[in-house]
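Peer 1: Before I ask anything, here is the structure I am working with.
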Amino acid sequence: FKYSPDGALISLSVTDENNFIRIAVQDNGPGIHPDDLPHVFDRFYQSKQVNAPVQGGAGIGLALCKELVMLMGGEIHAESRLGEGSTFSCTWPKNEMTTPDAGLPQKEEAVLAADPEALSAGSATETAATDEPDEDAEEKHTVLVVEDHADMRDFVVEILHPYYKIQTAGDGEKALALLEEKDPLPDIVLSDVMMPNMDGFTLLKNMKSNPLWRHIPTVLLTARAAQEDRLQAFGIGVDDYLTKPFDAPELLARIRNLLNNYQERKQWQKKEVTATGLAIDFGEKPESWGTEWLQQARDIVKREIVNHNYKVSDLAAEMLISESQLLVKMKQITGLTPNEFIREIKLQKARMLLENKAKSTIAEVAYTAGFNTPGYFSTVYEKRFGKRPAAYLADY
Numbered sequence: 033f034k035y036s037p038d039g040a041l042i043s044l045s046v047t048d049e050n051n052f053i054r055i056a057v058q059d060n061g062p063g064i065h066p067d068d069l070p071h072v073f074d075r076f077y078q079s080k081q082v083n084a085p086v087q088g089g090a091g092i093g094l095a096l097c098k099e100l101v102m103l104m105g106g107e108i109h110a111e112s113r114l115g116e117g118s119t120f121s122c123t124w125p126k127n128e129m130t131t132p133d134a135g136l137p138q139k140e141e142a143v144l145a146a147d148p149e150a151l152s153a154g155s156a157t158e159t160a161a162t163d164e165p166d167e168d169a170e171e172k173h174t175v176l177v178v179e180d181h182a183d184m185r186d187f188v189v190e191i192l193h194p195y196y197k198i199q200t201a202g203d204g205e206k207a208l209a210l211l212e213e214k215d216p217l218p219d220i221v222l223s224d225v226m227m228p229n230m231d232g233f234t235l236l237k238n239m240k241s242n243p244l245w246r247h248i249p250t251v252l253l254t255a256r257a258a259q260e261d262r263l264q265a266f267g268i269g270v271d272d273y274l275t276k277p278f279d280a281p282e283l284l285a286r287i288r289n290l291l292n293n294y295q296e297r298k299q300w301q302k303k304e305v306t307a308t309g310l311a312i313d314f315g316e317k318p319e320s321w322g323t324e325w326l327q328q329a330r331d332i333v334k335r336e337i338v339n340h341n342y343k344v345s346d347l348a349a350e351m352l353i354s355e356s357q358l359l360v361k362m363k364q365i366t367g368l369t370p371n372e373f374i375r376e377i378k379l380q381k382a383r384m385l386l387e388n389k390a391k392s393t394i395a396e397v398a399y400t401a402g403f404n405t406p407g408y409f410s411t412v413y414e415k416r417f418g419k420r421p422a423a424y425l426a427d428y
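Remember, my numbering sits 32 above the position in the sequence shown when you count from 1.
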């Protein structure tokens with residue numbers, strides 16, 4: 033239907049040819065150029081003809097069709113004449129079917145009884161692997177796949193879903209909407225470049241300009257291999273750029289490397305943050321872990337450190353974001369929840385007072401550092417630094 037004009041004739045025939053069953057689909061559309069015909073079943077192949085009747089295909093549908101036919105022991109062929117139409121034929125050997133025992137469960141019936149929409153990975157906003165142990169589900173990273181072509185989207189999901197939780201979006205606008213509402217955020221974003229409504233470059237610019245999203249690793253998957261396209265992507269801040277066609281092992285390796293590097297940076301940062309009292313410099317670039325944002329939050333907490341009524345909701349209000357956004361961003365930048373962040377600043381204040389012997393009693397240190405009770409303060413301090421506060425004052 034995609035390649036046939038209005039009013040065209042499309043015919044389907046089924047024939048029994050000796051030991052084979054043949055199904056043929058024929059149209060009287062524009063036909064396929066002889067140079068393209070040998071490649072129509074190749075993954076990602078797109079016509080090189082400038083006057084091709086349909087532009088923008090993903091090059092996935094016929095490749096998947098061939099794989100399905102071959103899985104059933106059949107063959108598929110294409111015949112075409114320019115200006116006259118095309119014929120696609122599938123041939124399978126006739127095999128004797130064995131009727132399953134009535135007492136055995138019928139897997140096919142279970143599939144037929146399922147919700148048809150649930151069987152399409154591309155129609156789901158979130159797709160999880162069904163062939164992996166359930167106990168691993170919580171440990172899987174989440175990948176957001178942004179692709180307008182359903183076949184290509186399903187193909188990428190097919191590669192990733194055994195290893196990751198999957199979210200999908202049909203274009204950049206839908207991806208941004210998903211980022212706005214998702215908590216937690218995806219761990220990595222894979223996006224096509226050419227899409228309706230909002231392309232991959234614009235999506236990338238929006239992500240890099242938002243302090244809540246700029247840290248998320250991004251990969252562009254595109255047929256645009258020109259040097260200027262790559263430079264544009266890397267200029268915006270993309271982490272990796274993979275041209276179609278690509279191999280599944282290469283895609284998985286690149287995602288794994290990006291996620292590993294990101295996790296290592298987060299662990300290093302959390303260690304540095306807690307070791308230095310949150311007073312480190314993460315670099316000059318505004319996208320390098322939100323230094324200015326973190327300093328602003330730290331200054332507010334220090335200002336209110338003795339205000340026992342000051343809550344996380346108050347901090348969120350002063351930072352001009354919601355509590356859920358504060359939680360997401362704080363975790364991404366420091367590895368701490370907002371409550372842990374506030375407590376860490378109080379503990380660093382207390383350590384300074386104790387090391388400088390600025391107070392003569394544990395109670396004074398606790399209250400000055402913003403803790404309500406000396407007992408609770410002593411417990412959390414020892415857990416954090418491995419030393420009881422009283423040990424500092426033993427020789428006072």
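Beta carbons are placed, not taken as given, at the ideal position from N, Cα and C, and that holds for glycine. Keep in mind that this is a model prediction, so the values were computed, not measured.
I need the boundaries of the beta strand (DSSP E) containing Pro125, first residue and last residue.
Peer 2: Looking up residue 125 in the sequence shown gives position 93. Run containing Pro125: Gly117 to Pro125, per the beta strand (DSSP E) assignment.
Peer 1: Would you mind working out which of Pro228, Arg262 and Val270 sits nearest Trp245, comparing C-alpha positions?
Peer 2: Reading the sequence shown from its first residue, position 213 is the one you call residue 245. For Trp245, the nearest C-alpha among the options comes from Val270.
Peer 1: Do Thr254 and Lys276 have their C-beta atoms closer together than 8 Å?
Peer 2: Locating residue 254 in the sequence shown gives position 222, counting from the first residue. Locating residue 276 in the sequence shown gives position 244, counting from the first residue. Yes; because the gap between Cβ atoms is below 8 Å, this pair is in contact.
Peer 1: By DSSP's criteria, Ile42 is part of a beta bridge. Which residues make up the other side?
Peer 2: As a first step, residue 42 is located in the sequence shown; it is residue number 10 there, counting from the start. According to DSSP, Ile42 bridges with Asp59.
Peer 1: Could you name the residues that DSSP lists as bridge partners for Ala110?
Peer 2: Taking the first residue of the sequence shown as position 1, residue 110 is located at position 78. Its beta-bridge partners are Phe120.
Peer 1: Is there contact here, the region 175–182 with the region 198–215, by at least three beta-carbon pairs under 8 Å?
Peer 2: Counting Cβ pairs under 8 Å, three or more are found: they touch.
Peer 1: Check whether the region 227–240 and the region 212–219 touch, using three or more Cβ-Cβ pairs below 8 Å as the test.
Peer 2: The region 227–240 vs the region 212–219: no contact.
Peer 1: Is there contact here, the region 41–48 with the region 106–115, by at least three beta-carbon pairs under 8 Å?
Peer 2: Verdict: no, contact absent.
Peer 1: Please report the residue range of the beta strand (DSSP E) in which Gln78 lies.
Peer 2: Along the sequence shown, one-based indexing puts residue 78 at 46. Element bounds for Gln78: n/a, residue is neither H nor E.
Peer 1: Can you list, in chain order, the residues of its chain with a C-beta nearer than 7 Å to that of Met230? Leave out the 5 residues immediately preceding and following it.
Peer 2: Stepping through the sequence shown from its first residue, residue 230 is reached at position 198. Counting only Cβ-Cβ distances below 7 Å, and skipping sequence neighbours, we find Asp203, Gly204 and Glu205.
Peer 1: Just verifying my parser: in three-state terms, what is the DSSP assignment at Val189?
Peer 2: As a first step, residue 189 is located in the sequence shown; it is residue number 157 there, counting from the start. If DSSP states are grouped into helix, strand and coil, Val189 belongs with the helices.
Peer 1: Measure how close the beta-carbons of Leu123 and Phe52 come, nearest whole angstrom, since I'm counting them as under 8 Å.
Peer 2: The count along the sequence shown starts at 1 and reaches residue 123 at position 91. The count along the sequence shown starts at 1 and reaches residue 52 at position 20. Inspection of the sequence shows that residue 123 is occupied by Thr rather than by Leu. Indeed, because the Cβ distance is near 5 Å, the residues count as touching under 8 Å.
Peer 1: Starting from Thr250 and walking both ways along the beta strand (DSSP E), at which residues does that stretch end?
Peer 2: By one-based count along the sequence shown, residue 250 stands at place 218. Thr250 to Thr254 is the span of the beta strand (DSSP E), which, as asked, contains Thr250.
Peer 1: Can you check DSSP and say which residues form a bridge with Tyr273?
Peer 2: Taking the sequence shown and counting its residues from 1, one reaches residue 273 at position 241. Partner(s): Leu252.
Peer 1: For a test of the three-state rule: what should DSSP assign to Phe73, helix, strand or coil?
Peer 2: Mapped onto the sequence shown, residue 73 falls at position 41. Three-state DSSP puts Phe73 in coil, outside helix and strand.
Peer 1: What residues match up with Ala201 in a beta bridge as DSSP calls it?
Peer 2: As a first step, residue 201 must be located in the sequence shown, where it is residue number 169. In DSSP, Ala201 forms a bridge with Val178.
Peer 1: For Glu116 and Asn60, which I take to be in contact (beta-carbon distance under 8 Å), what is that distance rounded to the nearest angstrom?
Peer 2: Within the sequence shown, residue 116 is the residue found at index 84, counting from 1. Within the sequence shown, residue 60 is the residue found at index 28, counting from 1. Contact flag correct, Cβ pair sits at about 7 Å.
Peer 1: Note down the Cα distance separating Pro281 from Ile191, rounded to an integer number of angstroms.
Peer 2: Taking the first residue of the sequence shown as position 1, residue 281 is located at position 249. Taking the first residue of the sequence shown as position 1, residue 191 is located at position 159. One C-alpha to the other measures close to 9 Å.
Peer 1: Determine the extent of the alpha helix (DSSP H) in which Val344 is found, giving its start and end residues.
Peer 2: To locate residue 344, count along the sequence shown from 1; it is residue 312. Its alpha helix (DSSP H) spans residues Val344 to Glu350.
Peer 1: Secondary structure at Lys317, three-state DSSP: helix, strand or coil?
Peer 2: In the sequence shown, counting from the first residue as 1, residue 317 sits at position 285. Its pLDDT being 36, under 50, Lys317 is placed unreliably by the model, and the measurement read from it follows with that caveat. If DSSP states are grouped into helix, strand and coil, Lys317 belongs with coil.
Peer 1: Would you report the Cα separation of Asn289 and Val225, rounded to the nearest angstrom?
Peer 2: Counting from one through the sequence shown, the residue named residue 289 turns up at place 257. Counting from one through the sequence shown, the residue named residue 225 turns up at place 193. Roughly 22 Å separates the two Cα atoms.
Peer 1: Determine which residues share a DSSP beta bridge with Leu52 and list them.
Peer 2: As a position in the sequence shown, residue 52 is number 20, starting the count at 1. Reading the sequence as shown, one finds Phe at residue 52 and not Leu. Paired residue(s): Glu49 and Pro125.
Peer 1: With DSSP collapsed to three states, give me the class of Ile220.
Peer 2: Position 188 of the sequence shown, counting from 1, holds the residue named residue 220. In this structure, Ile220 counts as strand in the three-state DSSP scheme.
Peer 1: Determine the direct distance from the alpha carbon of Ile268 to that of Leu236, and round the result to whole angstroms.
Peer 2: Against the sequence shown, residue 236 aligns to sequence position 204. Against the sequence shown, residue 268 aligns to sequence position 236. Leu236 and Ile268: Cα-Cα distance of roughly 7 Å.
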